[in-house]
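Numbering (the working numbering), first residue to last: 1 to 182.
Even glycine gets a Cβ: it sits at the ideal position worked out from N, Cα and C.
The structure appears right after this line, and notes come after that.
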């Protein structure tokens with residue numbers, strides 16, 4: 001007895017479906033979709049406020065290091081990254097090894113947002129201009145006498161920040177003093 005065409009086709013499709021699950025597949029599966037970049041700050045104003053707070057932390061750590069003539073690399077890494085971190089460690093080590101420390105504190109004001117990048121990169125996410133005031137700062141040696149009579153004043157600097165996901169914070173990645181008074 002012959003089976004009708006519909007039955008034969010159905011059995012053939014069923015066998016094909018069952019057997020296809022038993023053979024290895026060379027098909028490439030696409031990776032799970034990754035999360036899209038979300039800028040850490042909703043507005044330029046939020047970004048500027050975050051940069052001001054991050055730079056205040058940076059200046060506080062720098063003042064502590066220079067006034068106490070210490071080099072705490074872990075503490076420096078909470079406010080700086082990359083080339084800026086390496087530069088801080090090198091310069092602070094040089095001053096500490098020479099027995100030199102600073103008196104007074106660096107302050108800053110007149111922060112202006114130069115660029116806030118929301119393009120998907122956490123590097124160089126923010127760039128600001130700041131006016132640093134070094135007028136109350138001078139260097140002394142171990143006996144407390146001034147190393148130089150040079151008087152510092154205000155200085156305009158461009159500061160670049162990277163965003164650290166691990167710390168959930170902005171870190172100074174570059175600081176470029178322009179030498180101009182502000």
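Separation of residue j from residue i, as counted between CA atoms
i, j, result
"residue 105", "residue 154", "12 Å"
"residue 51", "residue 131", "14 Å"
"residue 162", "residue 96", "28 Å"
"residue 166", "residue 55", "18 Å"
"residue 182", "residue 168", "31 Å"
"residue 136", "residue 103", "8 Å"
"residue 47", "residue 126", "8 Å"
"residue 53", "residue 110", "13 Å"
Distance cut-off 7 Å: residue i Cβ against heavy atoms of the ligand GTP
i, result
"residue 62", "Because no ligand of any kind appears in the structure shown, any question about the ligand GTP cannot be addressed here."
Under the three-state DSSP convention, the category residue i falls into
i, result
"residue 124", "coil"
"residue 157", "strand"
"residue 107", "strand"
"residue 96", "helix"
"residue 41", "coil"
"residue 133", "strand"
"residue 172", "strand"
"residue 86", "helix"
"residue 3", "A caution first: residue 3 carries a pLDDT of 47, below 50, which makes its placement in the model too unreliable to give a value."
"residue 59", "helix"
"residue 162", "strand"
"residue 102", "strand"
"residue 48", "helix"
Boundaries (first-last residue) of the beta strand (DSSP E) holding residue i
i, result
"residue 147", "Counting along the chain, residue 147 falls outside any beta strand (DSSP E), and DSSP gives it neither H nor E."
"residue 72", "Run containing residue 72: none; DSSP gives neither H nor E here."
"residue 139", "138 to 140"
Residue burial classification, residue i (beta-carbon count within 10 angstroms, cutoff 16)
i, result
"residue 62", "buried"
"residue 74", "exposed"
"residue 70", "exposed"
"residue 160", "buried"
"residue 80", "buried"
"residue 171", "buried"
"residue 115", "exposed"
"residue 101", "buried"
"residue 128", "buried"
Beta-carbon separation (whole angstroms), residue i vs residue j, contact threshold 8 Å
i, j, result
"residue 99", "residue 67", "Actually they do not touch by this definition, with Cβ atoms about 14 Å apart."
"residue 118", "residue 39", "4 Å"
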